[in-house]
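A short write-up of the structure that comes next.
Number of protein chains: 2
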Amino acid sequence: MSEGDTEAAHEAIMQATYRALCEHGYADLTMKAIAEETGKSKATLHYYYDTKQDLLVAFLEYLLESFHEKVQLRDDENPAAQLTTILEKLVFGPDDYKAFQTAMLELRSQAPYSDAYRAQLRDNDQELTALLAGIIERGIEEDVFQDVDPDRTATYLLSTIDGARTRWIVLDDDDVLTTVNEELQDYLAERILVDEQALIK
Amino acid sequence: MSEGDTEAAHEAIMQATYRALCEHGYADLTMKAIAEETGKSKATLHYYYDTKQDLLVAFLEYLLESFHEKVQLRDDENPAAQLTTILEKLVFGPDDYKAFQTAMLELRSQAPYSDAYRAQLRDNDQELTALLAGIIERGIEEDVFQDVDPDRTATYLLSTIDGARTRWIVLDDDDVLTTVNEELQDYLAERILVDEQALIK
Numbered sequence: 001m002s003e004g005d006t007e008a009a010h011e012a013i014m015q016a017t018y019r020a021l022c023e024h025g026y027a028d029l030t031m032k033a034i035a036e037e038t039g040k041s042k043a044t045l046h047y048y049y050d051t052k053q054d055l056l057v058a059f060l061e062y063l064l065e066s067f068h069e070k071v072q073l074r075d076d077e078n079p080a081a082q083l084t085t086i087l088e089k090l091v092f093g094p095d096d097y098k099a100f101q102t103a104m105l106e107l108r109s110q111a112p113y114s115d116a117y118r119a120q121l122r123d124n125d126q127e128l129t130a131l132l133a134g135i136i137e138r139g140i141e142e143d144v145f146q147d148v149d150p151d152r153t154a155t156y157l158l159s160t161i162d163g164a165r166t167r168w169i170v171l172d173d174d175d176v177l178t179t180v181n182e183e184l185q186d187y188l189a190e191r192i193l194v195d196e197q198a199l200i201k
Numbered sequence: 001m002s003e004g005d006t007e008a009a010h011e012a013i014m015q016a017t018y019r020a021l022c023e024h025g026y027a028d029l030t031m032k033a034i035a036e037e038t039g040k041s042k043a044t045l046h047y048y049y050d051t052k053q054d055l056l057v058a059f060l061e062y063l064l065e066s067f068h069e070k071v072q073l074r075d076d077e078n079p080a081a082q083l084t085t086i087l088e089k090l091v092f093g094p095d096d097y098k099a100f101q102t103a104m105l106e107l108r109s110q111a112p113y114s115d116a117y118r119a120q121l122r123d124n125d126q127e128l129t130a131l132l133a134g135i136i137e138r139g140i141e142e143d144v145f146q147d148v149d150p151d152r153t154a155t156y157l158l159s160t161i162d163g164a165r166t167r168w169i170v171l172d173d174d175d176v177l178t179t180v181n182e183e184l185q186d187y188l189a190e191r192i193l194v195d196e197q198a199l200i201k
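Following this line, the structure appears as structure tokens:
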């Protein structure tokens, strides 16, 4: 197969995995269900991935790449606007389907039992932390952000968002995302921005 | 059986459930394993609880009661000191055994599939939110806290703590609790307290 074919197959399998997770949840997800979503045979799926775990690790990596593609950051953008946008994207989506997030929480709860999941989830988290810390660092350099600790602030922001999304799923509480987002925006304005007006500069 | 006997049996079963969750995790937890921890027969356990789910709902309720017992709040205490103490307790413990929190995350990830779990987790969460909001309200009345929205602030604080604890388990990252706690203390000082000195008043 050509590289283009492999890439197209990979994309098709990843999208099928997403749909299968939404439909079956994590615990009941099978290679057969994913194969059915691709319209390919189970054997074809196993040609690419030995086990369901291998496939799901690739899927976690795919989620990170998709996120990067969606939030293309330009260096000439205002870091304040950038941080606001990215936090909102992280709180509310991009994949704001409850069924999908329900499956993701189950998968994450299995990380203590799977070195492969945990390693990939740590990679995703480190990249996300570095992305936020990078924006914060640039904001400090450009004198639009206060002199906060970039890594500590990034870890704090990601923890708040993680908790809001976990509670959204566990408690089935749709208000929690809006409430936490409002408070996060206030936090940005008062604890991070030098000047609230920086947002509309 | 006398009421005292029933209470003692309840306490023994709850403590056995705690130990069994630490040892077996959530997915592999059985009534048999819990019975073995109590030293009672499985039949005795079923006399009190029809199903594992019934038992675990009672256990979630027990956790909430234990927390209340541990954080007995006195109305004449400084609300600033009270809030600091309770947030630290929530971030770091009281049951800071990773094995137990690993099992709890699995149980919580099943809430979307279990009305009984979800209802009890919502009860626990509402009580905790009300507890924090109550302290914040009292702090505002006593002019030691800024005029924040008590419910919104409580939801925000609990989300941050939830996220820190979830990341601690999922990413196996021991630093996250300390990092988030530091930032939370700064948040208290700058966004909630009227005067940082209020803490040592």
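Sequences listed follow chains A and B, in order.
Here the first sequence stands for residues 1 to 201, numbered as in the UniProt record's numbering.
Here the second sequence stands for residues 1 to 201, numbered as in the UniProt record's numbering.
Glycine included, every Cβ here is placed at the ideal spot set by N, Cα and C.
Margin query: Below 8 Å on C-beta distance, what does E88 of chain B contact in chain A?
Written below: Position 88 of the second sequence holds residue 88 of chain B. Within 8 Å Cβ-Cβ: nothing; E88 of chain B doesn't reach chain A, min ~15 Å.
Check: So with Cβ pairs under 7 Å, would you call S41 of chain A a contact of chain B?
Finding: Locating residue 41 of chain A in the first sequence gives position 41, where the first residue counts as 1. No, S41 of chain A lies away from the interface with chain B (no Cβ there is under 7 Å from its Cβ).
Margin query: Less than 7 Å between the C-beta atoms of N124 of chain B and L64 of chain B, yes or no?
Written below: As a first step, residue 124 of chain B must be located in the second sequence, where it is residue number 124. As a first step, residue 64 of chain B must be located in the second sequence, where it is residue number 64. Yes. Within cutoff.
Check: By Cβ distance below 6 Å, which residues in the same chain neighbour H24 of chain A in space, the five residues on each side in sequence not counted?
Finding: Along the first sequence, read from residue 1 onward, the residue named residue 24 of chain A stands at position 24. Closer than 6 Å at the Cβ level, and outside the excluded window around H24 of chain A, lie A33.
Margin query: Here's the rule I'm using: 16 or more other beta-carbon atoms within 10 Å means buried, otherwise exposed. How should R74 of chain B be labelled?
Written below: Counting from 1 along the second sequence, the entry for residue 74 of chain B is found at position 74. Taking all protein chains in view, the Cβ of R74 of chain B is surrounded by fewer than 16 other Cβ atoms within 10 Å, so the residue is classified as exposed.
Margin query: Looking at chain B, is there any beta carbon in it that lies within less than 7 Å of the beta carbon of Y18 of chain A?
Written below: Here the question's residue 18 of chain A lines up with position 18 in the first sequence. No, its Cβ sits nowhere closer than 7 Å to a Cβ of chain B.
Note to self: Measuring CB atoms only, is the stretch 96-116 of chain B touching the stretch 32-47 of chain B, in the sense that at least three cross pairs come out at less than 8 Å?
What the structure shows: no
Check: DSSP three-state call for L193 of chain A: helix, strand or coil?
Finding: Residue mapping note: residue 193 of chain A aligns to position 193 of the first sequence, counting from 1. L193 of chain A falls in the strand class under three-state DSSP.
Note to self: Considering only their Cβ atoms, is the gap separating T155 of chain A from T178 of chain B smaller than 7 Å?
What the structure shows: Residue numbering aside, residue 178 of chain B sits at position 178 when the second sequence is read from its first letter. Residue numbering aside, residue 155 of chain A sits at position 155 when the first sequence is read from its first letter. No, the pair does not count as a contact, with Cβ atoms beyond the cut-off.
Checklist line | Where the alpha helix (DSSP H) through L158 of chain B begins and ends | finding: Indexing the second sequence from 1 puts residue 158 of chain B at position 158. Per DSSP, the unbroken alpha helix (DSSP H) holding L158 of chain B starts and ends at 150-170.
Note to self: Rounded to whole angstroms, what is the Cα-Cα separation between E183 of chain A and T153 of chain B?
What the structure shows: Counting from 1 along the first sequence, the entry for residue 183 of chain A is found at position 183. Counting from 1 along the second sequence, the entry for residue 153 of chain B is found at position 153. Distance between the alpha carbons of E183 of chain A and T153 of chain B: 7 Å.
Next item on the list: Return the Cβ separation of L158 of chain A and L128 of chain A in integer angstroms, given the expectation that the two are a contact with Cβ distance under 8 Å.
Entry: Walking along the first sequence from the start, residue 158 of chain A turns up at place 158. Walking along the first sequence from the start, residue 128 of chain A turns up at place 128. That belief holds up - the Cβ atoms of L158 of chain A and L128 of chain A are roughly 6 Å apart, short of 8 Å.
Next item on the list: Please confirm if P150 of chain A has its CB atom under 7 Å from at least one CB of chain E.
Entry: Although the question refers to chain E, the structure presented lacks it and instead comprises the protein chains A and B.
Check: When you check each C-beta in the stretch 93-115 of chain A against every C-beta of chain B, which residues fall closer than 7 Å?
Finding: Per Cβ criterion, the list reads T102, L105, E106, R108, S109, A111, P112.
Note to self: For Q110 of chain B and T51 of chain B, I'd like the C-alpha separation in whole angstroms.
What the structure shows: Counted from its first residue, the second sequence places residue 110 of chain B at position 110. Counted from its first residue, the second sequence places residue 51 of chain B at position 51. Straight-line spacing of the CA atoms in Q110 of chain B and T51 of chain B works out to 16 Å.
Notebook entry, point to check: Just to confirm, are V57 of chain B and A12 of chain B a CB contact at a threshold of 7 Å?
Noted result: Taking the first residue of the second sequence as position 1, residue 57 of chain B is located at position 57. Taking the first residue of the second sequence as position 1, residue 12 of chain B is located at position 12. No, these two residues do not count as a Cβ contact at 7 Å.
Check: Taking R191 of chain B as the reference, which of B:Q72, B:W168, B:G139 has the closest Cα?
Finding: If you number the second sequence from 1, residue 191 of chain B lands on position 191. Of the candidates B:Q72, B:W168, B:G139, the one whose C-alpha sits nearest the C-alpha of R191 of chain B is B:G139.
Notebook entry, point to check: At least one CB of chain B closer than 7 Å to the CB of L171 of chain A: is that the case?
Noted result: The residue you call residue 171 of chain A lines up with position 171 of the first sequence. It does; some Cβ of chain B falls within 7 Å.
Notebook entry, point to check: Nearest chain B C-beta to E127 of chain A closer than 7 Å, yes or no?
Noted result: In the first sequence, counting from the first residue as 1, residue 127 of chain A sits at position 127. No, E127 of chain A does not count as interfacial toward chain B.
Notebook entry, point to check: Using a C-beta to C-beta distance shorter than 7 Å, which residues of chain B count as neighbours of D174 of chain A?
Noted result: Position 174 of the first sequence holds residue 174 of chain A. Residues of chain B passing the Cβ test: none, with the nearest at roughly 13 Å.
Note to self: Rounded to the nearest angstrom, what separates L132 of chain B and P150 of chain B at their Cα positions?
What the structure shows: The residue you call residue 132 of chain B lines up with position 132 of the second sequence. The residue you call residue 150 of chain B lines up with position 150 of the second sequence. So the alpha carbons of these two residues sit roughly 8 Å apart.
Notebook entry, point to check: In three-state DSSP terms, what is K201 of chain A?
Noted result: Mapped onto the first sequence, residue 201 of chain A falls at position 201. Since pLDDT at K201 of chain A reaches only 46, below the 50 mark, its modelled position is unreliable, and no value is offered.
Notebook entry, point to check: Going along the chain, which residues of its own chain have a beta-carbon closer than 7 Å to the beta-carbon of residue 234 of chain B, five neighbours each way excluded?
Noted result: Any property of residue 234 of chain B remains undetermined from this structure, which presents chain B solely from 1 to 201.
Item checked: Nearest neighbour of Q53 of chain B, chosen from B:Y26, B:H68, B:E142 [CA to CA] -> As a first step, residue 53 of chain B must be located in the second sequence, where it is residue number 53. Here the closest residue by C-alpha is B:Y26.
Next item on the list: Please report how far the alpha carbon of T17 of chain B lies from the alpha carbon of A189 of chain B, in whole angstroms.
Entry: Residue 17 of chain B sits at position 17 when you count from the first residue of the second sequence. Residue 189 of chain B sits at position 189 when you count from the first residue of the second sequence. Cα-Cα distance, rounded: 39 Å.
Check: Which residues in chain A sit within 7 Å of T166 of chain B, going by Cβ to Cβ distance?
Finding: Taking the second sequence and counting its residues from 1, one reaches residue 166 of chain B at position 166. Per Cβ cutoff of 7 Å: D162, G163, T166.
Next item on the list: Identify which residue in A:D174, A:T160, A:N78, A:L45 has its Cα closest to the Cα of A9 of chain A.
Entry: For the purposes of this step, residue 9 of chain A is identified with residue 9 of the first sequence, where counting begins at 1. Checked all of A:D174, A:T160, A:N78, A:L45; the closest Cα to A9 of chain A is A:L45.
Checklist line | Neighbouring residues, chain A, relative to T155 of chain B (Cβ below 7 Å) | finding: What you label residue 155 of chain B is simply residue 155 of the second sequence in a count that begins at 1. The contacting residues are V176, T179, V180.
Next item on the list: Give the secondary structure of H10 of chain B by DSSP, where H, G and I count as helix, E and B as strand, and everything else as coil.
Entry: By 1-based counting over the second sequence, the position of residue 10 of chain B is 10. Three-state DSSP puts H10 of chain B in a helix.
Next item on the list: Could you tell me whether the Cβ of E183 of chain A comes closer than 7 Å to any Cβ of chain B?
Entry: Taking the first residue of the first sequence as 1, we reach residue 183 of chain A at position 183. Judged by the 7 Å Cβ criterion, E183 of chain A is in contact with chain B.
Next item on the list: With a threshold of 16 other CB atoms inside 10 Å of the CB of D28 of chain B, please say whether the residue is buried or exposed.
Entry: For this step, residue 28 of chain B is matched to residue 28 along the second sequence. Here D28 of chain B is exposed, its C-beta having fewer than 16 other C-beta atoms within 10 Å.
Margin query: Does the CB of L121 of chain B have a neighbour CB from chain A at under 7 Å?
Written below: Numbered from its first residue, the second sequence carries residue 121 of chain B at position 121. Answer yes: the Cβ-Cβ gap between L121 of chain B and chain A drops below 7 Å somewhere.
Notebook entry, point to check: What is the rounded straight-line gap between the Cα of I161 of chain A and the Cα of S41 of chain B?
Noted result: Start at 1 with the first residue of the first sequence, and residue 161 of chain A comes out as number 161. Start at 1 with the first residue of the second sequence, and residue 41 of chain B comes out as number 41. For the pair I161 of chain A and S41 of chain B, the Cα-to-Cα distance works out to about 44 Å.
Next item on the list: May I ask which residues mark the beginning and end of the alpha helix (DSSP H) holding Q53 of chain B?
Entry: Locating residue 53 of chain B in the second sequence gives position 53, where the first residue counts as 1. Unbroken alpha helix (DSSP H) run through Q53 of chain B: 52-70.
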